[in-house]
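Numbering of the sequence shown is given in the numbering used here, commencing with residue 1 and proceeding in unit increments. Each residue gets a CB set at the ideal place from its N, CA and C atoms; glycine is no exception. First up is the structure itself, then whatever we jot down about it.
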Amino acid sequence: MKRILFLFLIFGITTAQAQVKEQPADKKSAMEKSREKEERLTDPVPKEFQFIGYSFFRTTTSNVTPTNDVLQGQVIGRLYGPNSTETVDRVAQYTEQRFVPMFIYRPGILDGFATFRGLFKIDYTWGDNSYGVGNNRGGGLSGGQVNFQTLMANVSMQPQDAWWNLVLGMQRIFDGPYDPNVNGLDHFQTTGYKLSFWGTQAVGASWFARPHQAVNARFGFFQLWENQVSRDQDVFITMADVVTLPTPKLELGFNAWYLRDTANGMGGISILGQGMTSQLAAYNGATRVIFPGNNQRYKADILWLGTNVNYNRNFVQGPLQFDAYVISNLGSIDPEADGLGNVSVFGTTVNANISYRYGKTNKDKVWMELLATTGDGDNVEDGKLNSVLTGNVWGSPVGIYSSHRSFLLFPDPQVVSRYYSMVHDISNMGLGVTGGSINFMKDIIPFKFSAKVGGAFAYSAFTLPGGGNHIGTEVNAELKYDLKVYLTLGLSAAYAVTGDFYDAPASTETRIKPDNPWVTFVTLSWLMFN
């Protein structure tokens, strides 16, 4: 007891002495604060209008090309699928350009309560078209093309000092709990479900909350398709996501998403439509449901439940990083045709990544990623569907899985108007897939010049008649050089070997096994802002 009293006495004396010694500093601090306040009063008023732009050039040489003249402007979806992409015995060469302007308006009269964001896009291929109307064209002589695409137009409201904000309007719909208005794309490629399910834009309302430094949450409602406003013929999704930090290194997340599809396949993108029985699903390489008979109309209720973990993201507290997720989609499909019963749905996706930073920068690293999805070999003939469902069933492109850093086997986001790959949707046409990638990166000149070599492989869980499981194997390499801050020059190349999966006539639109694809491309990207 005496020791405890003695310690308290010493602590009290030390604290008192510290307070006495710090008195002049406190007074000085008060004077500094007063001076800083006066300086702030004379500071220029913060800009109400802000511009952020992204410029991207890509010059490509490849033996892959769409063969349908109608699809020369924009091509999205599964390589060798209904989008007419094939490997040919000649070389395709072209240059594409993209400009993405973003305008942010935060009026001072509202004291930061409301912010408007507008995001737009202009895409074209050099020399393709002029004086016309339509997206992804306009690089012909004299220009004059009407090709302005709206990507975002939303209002974000946040009371002063509030720990939450509400976003209304056309906004990004991503598969994570963070606000896409203020977090970069790379943040979502390494957290949550890595944009494998949802990575596009939609209209709706999102409530983002951070009640504690260790908690981020999102509750959202998105109207995907609206047909007749007076009828129940819509597709909507509600999303709830939360991530917490049990320890400074560990992030643990959970999600629950519910999608209601009563559109009966109506609406969608042009003649491709939308939904589980649509041509759009096949076009994207996603799961397409085929009922017996001609009537393919249906209604469906789908629920996604998942959990994800991330350890030491961005190598903040050490050289080893790990992330993983497990998510299942379950529900039921109710076909309209007489004599057909409900179809039960249950599919699962597992993804894991491990990275090791061996050098001084975050680009001095080696990493390996694995992906596995369940599939179904007989579609819905047995009244069950064990395939994975992603947003690529209802739109295009929506699920944009890209953390693998492959260029041909899995989708590569460094594109403008030609976005295709061998496994374009993680469901692999509903057959399921087991695949992975390994990459080695070196920052040759720190923060200036980096190089990467890598490889990827993919095997189908179920086969098509006449074919095997091996979809393909890829090797790739990439160089990146920062000419200036946010101005980067890149050189990339990849070669893929097509496996025995393509021995099956149904695996390609031409019903012929394709040659091995290859691609090289040069890019110039520039992030600009005022």
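**OP:** Have a look at Gln97, Ala162 and Phe447 and flag the residue whose alpha-carbon is nearest the alpha-carbon of Thr361.
**Re:** Residue mapping note: residue 361 aligns to position 361 of the sequence shown, counting from 1. Thr361 has its Cα closest to that of Phe447, out of Gln97, Ala162 and Phe447.
Original post:
If you check the beta carbons only, do Leu330 and Gly347 fall under 9 Å apart?
Top reply: Here residue 330 refers to the residue found at position 330 of the sequence shown. Here residue 347 refers to the residue found at position 347 of the sequence shown. Cβ distance < 9 Å, so Leu330 and Gly347 count as in contact.
Subject >> 9 Å Cβ cutoff met for Gly265 and Arg231 >> reply: Position 265 of the sequence shown holds residue 265. Position 231 of the sequence shown holds residue 231. In this structure, Arg231 does not lie closer than 9 Å to Gly265 by Cβ.
Original post:
Are the region 196-204 and the region 389-404 touching, with three or more C-beta to C-beta distances below 8 Å?
Top reply: yes
Original post:
What number of angstroms, rounded off, separates the C-alpha of Leu524 from the C-alpha of Val485?
Top reply: Your numbering for residue 524 matches position 524 in the sequence shown. Your numbering for residue 485 matches position 485 in the sequence shown. So the alpha carbons of these two residues sit roughly 13 Å apart.
Original post:
Between Asp128 and Arg98, is the Cβ-Cβ spacing less than 9 Å?
Top reply: As a first step, residue 128 must be located in the sequence shown, where it is residue number 128. As a first step, residue 98 must be located in the sequence shown, where it is residue number 98. Not closer than 9 Å, so no.
Subject >> Residues that DSSP places opposite Arg313 in a beta bridge >> reply: If you number the sequence shown from 1, residue 313 lands on position 313. Arg313 pairs with nothing; no bridge assigned.
**OP:** With a threshold of 16 other CB atoms inside 10 Å of the CB of Ala25, please say whether the residue is buried or exposed.
**Re:** What you label residue 25 is simply residue 25 of the sequence shown in a count that begins at 1. In this prediction, Ala25 scores a pLDDT of 40, lower than 50, which makes its location untrustworthy; the coordinate-derived value is nonetheless stated afterwards. It is exposed - the Cβ of Ala25 has fewer than 16 other Cβ atoms within 10 Å.
**OP:** Within the region 320-406, note down every full beta strand (DSSP E) run reaching 3 residues or more, in order along the chain.
**Re:** 320-335, 343-357 and 365-373
**OP:** Within its chain, find whatever has a CB closer than 8 Å to the CB of Asp301; leave out the 5 residues flanking it on each side and keep chain order.
**Re:** As a position in the sequence shown, residue 301 is number 301, starting the count at 1. Closer than 8 Å at the Cβ level, and outside the excluded window around Asp301, lie Tyr258, Leu259, Arg260, Asp261, Gly331 and Ser332.
Original post:
What is the C-beta distance between Gly267 and Asn312, in whole angstroms, given that I count them as a contact (C-beta under 8 Å)?
Top reply: The sequence position of residue 267 within the sequence shown is 267, counting from 1. The sequence position of residue 312 within the sequence shown is 312, counting from 1. Rounded, the Cβ-Cβ distance is 44 Å, inconsistent with contact.
**OP:** Enumerate, from N- to C-terminal direction, the unbroken beta strand (DSSP E) stretches of 3 or more residues contained entirely within the region 88-129.
**Re:** 114-125
Subject >> Option in Leu185, Leu487, Leu141 and Phe501 with minimal Cα separation from Thr473 >> reply: Taking the first residue of the sequence shown as 1, we reach residue 473 at position 473. The shortest Cα separation from Thr473 among Leu185, Leu487, Leu141 and Phe501 belongs to Phe501.
**OP:** Mind reading off the beta-carbon distance from Asn428 to Gly375? Whole number of angstroms is fine, and I expect it under 8 Å.
**Re:** Position 428 of the sequence shown, counting from 1, holds the residue named residue 428. Position 375 of the sequence shown, counting from 1, holds the residue named residue 375. Asn428 to Gly375, Cβ: 7 Å. Contact.
Subject >> Stretch pair the region 434-449 + the region 457-471: three plus CB contacts closer than 8 Å >> reply: yes
Subject >> For Gly134, the nearest candidate out of Thr125, Gly140, Val146 and Trp126 (CA to CA) >> reply: By one-based count along the sequence shown, residue 134 stands at place 134. Ranking Thr125, Gly140, Val146 and Trp126 by Cα distance to Gly134 puts Val146 first.
Subject >> DSSP bridge partner residues for Thr65 (one or two, in chain order) >> reply: Working through the sequence shown from its first residue, we reach residue 65 at position 65. In DSSP, Thr65 forms a bridge with Glu86.
Subject >> Rounded C-alpha distance that separates Ala162 from Phe254 >> reply: On the sequence shown, residue 162 is found 162 positions in, with the first residue counted as 1. On the sequence shown, residue 254 is found 254 positions in, with the first residue counted as 1. Straight-line Cα distance between these residues: approximately 24 Å.
Original post:
DSSP state of His187, grouped into three classes?
Top reply: Position 187 of the sequence shown, counted from the start, is the residue given in the question as residue 187. In this structure, His187 counts as helix in the three-state DSSP scheme.
Subject >> Inter-residue Cα distance where the pair is Gly112 and Pro159 >> reply: The residue labelled residue 112 in the question sits at position 112 within the sequence shown. The residue labelled residue 159 in the question sits at position 159 within the sequence shown. Rounded to the nearest angstrom, the two C-alpha atoms are 8 Å apart.
Subject >> Pro246 - DSSP class collapsed to helix/strand/coil >> reply: If you number the sequence shown from 1, residue 246 lands on position 246. Strand.
Subject >> Delimiting residues of the beta strand (DSSP E) encompassing Gln171 >> reply: Within the sequence shown, residue 171 is the residue found at index 171, counting from 1. Start and end: Trp164 to Phe174.
Original post:
Who are the near neighbours of Val565 in its chain, counting only those whose CB is closer than 6 Å to its CB and skipping five residues on each side?
Top reply: Because residue 565 is not part of the residues shown, which for the chain are 1 to 530, the question remains open.
Original post:
For Met528, is the classification buried or exposed, using 16 other Cβ atoms within 10 angstroms of its Cβ as the cut-off for buried?
Top reply: On the sequence shown, residue 528 is found 528 positions in, with the first residue counted as 1. So Met528 ends up on the exposed side.
Original post:
Counting pairs of Cβ atoms below 8 Å between the region 283-296 and the region 217-224, do you hit three or more?
Top reply: no
**OP:** Out of Gln321, Gly306 and Met441, state which residue places its alpha-carbon closest to the alpha-carbon of Leu250.
**Re:** Translated into positions along the sequence shown, residue 250 becomes position 250. When only C-alpha atoms are compared, the closest one is Gln321.
Original post:
Closest to Lys194 by CA distance: which of Ile445, Pro411, Pro517 and Glu381 is it?
Top reply: Within the sequence shown, residue 194 is the residue found at index 194, counting from 1. The residue with the shortest Cα to Cα distance from Lys194 is Pro411.
Original post:
Of all the options Thr95, Gly490, Val350 and Leu340, which has the alpha carbon lying nearest to the alpha carbon of Asp382?
Top reply: Sequence index remark: in the sequence shown, residue 382 carries index 382 (1-based). Looking at the Cα atoms, Leu340 is the closest of the given residues.
Subject >> Sequence-distant residues of the same chain with beta carbon closer than 7 Å to Arg137, five excluded per side >> reply: As a position in the sequence shown, residue 137 is number 137, starting the count at 1. The answer, listed in chain order, is Gly73, Tyr124, Asp128, Asn129, Gln145 and Asn147.
Original post:
When you compare only the Cα positions, how much space is there between Trp367 and Leu408?
Top reply: In the sequence shown, counting from the first residue as 1, residue 367 sits at position 367. In the sequence shown, counting from the first residue as 1, residue 408 sits at position 408. Rounded to whole angstroms, Trp367 to Leu408 spans 19 Å at the Cα level.
Original post:
Looking only at DSSP bridge pairs, what is Ser55 linked to?
Top reply: The residue given as residue 55 occupies position 55 in the sequence shown. For Ser55, which the question treats as bridged, DSSP gives the partners Phe99 and Trp526.
**OP:** Just tell me which of Val497, Glu86 and Phe120 has its CA closest to the CA of Thr67.
**Re:** In the sequence shown, counting from the first residue as 1, residue 67 sits at position 67. Checking every option, the nearest Cα to that of Thr67 belongs to Glu86.
**OP:** Kindly list the residues whose CB is nearer than 8 Å to the CB of Gly273, restricted to its own chain and excluding five residues on each side of it in sequence; keep chain order.
**Re:** For the purposes of this step, residue 273 is taken as residue 273 along the sequence shown, with counting starting at 1. These residues qualify, in order along the chain: Gly265, Met266, Gly267, Gln279 and Leu280.
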